[in-house]
Amino acid sequence: MTAVPTVPSEPTIGVLALQGDVREHARALEAAGARTLSVRRPEELERCDGLVIPGGESTAMWRLARAFELLEPLRKRIEAGMPAYGSCAGMIMLADRICDGVEGQETIGGIDMTVRRNAFGRQVDSFEAPVRLAGMGDAPYHAVFIRAPWVESVGDGVEVLGRAESGPNAGRIVAVRQGRLMATAFHPELTGDFRVHRYFADLVRRAAAGGGSPMRGSERAL
């Protein structure tokens, strides 16, 4: 008889510690029942069941990932099926395509989407707004947008989890998932609402137990 995989209660989720709200993401993940690990080197990445890519500045993050020799290991782990969640600049890093990037700017990739950098404006245009997120309860999520991107377009295998609900940019895509990868344009680590981190931690648990497929697109869904 084939044994049923055991779902680990405390997966190890790394937080890419090159820039951004590393401690805040770690606290939220721990509140969601995960162990956390700061990731700055490839050998630390190898110890992770999943990874959070925080906000920050996407061009600086790309250059730092190159300098720390992490860019290719990140791509390989994600291509092999490691779950990952990116917030704000992390969303840009997980995009297959970006608009308004600097010359030569690279991403890790993995989600079949086109993301526009700083789409909601500059630092002075930062704002907070409610967003309803599919699969995370009926109550709106109080989302914090800081120099935030938005998603211009998605491929057929990408599920839209949330859109901006008010203002001149109502309807813009701000949260997505493709199989074991997910991304938000906002910063959930800056609130006391851990729903996004619980959702991701549950995704990592199922993946660690053998749920889902490392393939791209709809075939990758858990």
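Residue numbering for the sequence shown follows our numbering, starting at -10 and increasing by one per position.
Just so it is clear, CB atoms sit at the ideal spot from N, CA and C, and this is done for glycine as well.
In this text, all values refer to a predicted model and were calculated from it rather than measured experimentally.
Nearest residue (CA-CA) to residue i, options the options
i: residue 19; options: 192, 50, 195 and 183; result: 183
i: residue 178; options: 67, 149, 134 and 56; result: 134
i: residue 105; options: 140, 162, 25 and 0; result: 140
i: residue 136; options: 109, 76, 27 and 17; result: 109
i: residue 123; options: 73, 163 and 92; result: 163
i: residue 75; options: 2, 89 and 35; result: 2
Those residues which DSSP pairs with residue i across a bridge
i: residue 67; result: Note: residue 67 sits in no beta bridge, so no partner.
i: residue 167; result: 170
i: residue 50; result: Bridge partners of residue 50: none, in fact.
Residue-level contact to chain C via CB, residue i, 7 Å cutoff
i: residue 100; result: Absent from the structure is chain C; it holds one protein chain and no more.
Coarse secondary structure for residue i, derived from DSSP in three states
i: residue -1; result: coil
i: residue 194; result: helix
i: residue 84; result: strand
i: residue 116; result: strand
i: residue 109; result: coil
i: residue 176; result: coil
i: residue 26; result: strand
i: residue 152; result: strand
i: residue 122; result: coil
Would you check if the stretch 157 to 175 and the stretch 10 to 18 touch, i.e. whether three or more CB-CB distances between them fall below 8 Å? no
If we count Cβ pairs, one from each stretch, closer than 8 Å, do we get three or more for the stretch 156 to 171 versus the stretch 99 to 107? yes
Examine the Cβ distances between the stretch 43 to 60 and the stretch 144 to 159 and report whether three or more of them are shorter than 8 Å. no
Spell out a yes or no on whether the stretch 116 to 131 and the stretch 80 to 90 are touching, meaning 3 or more CB-CB pairs, one atom from each, closer than 8 Å. no
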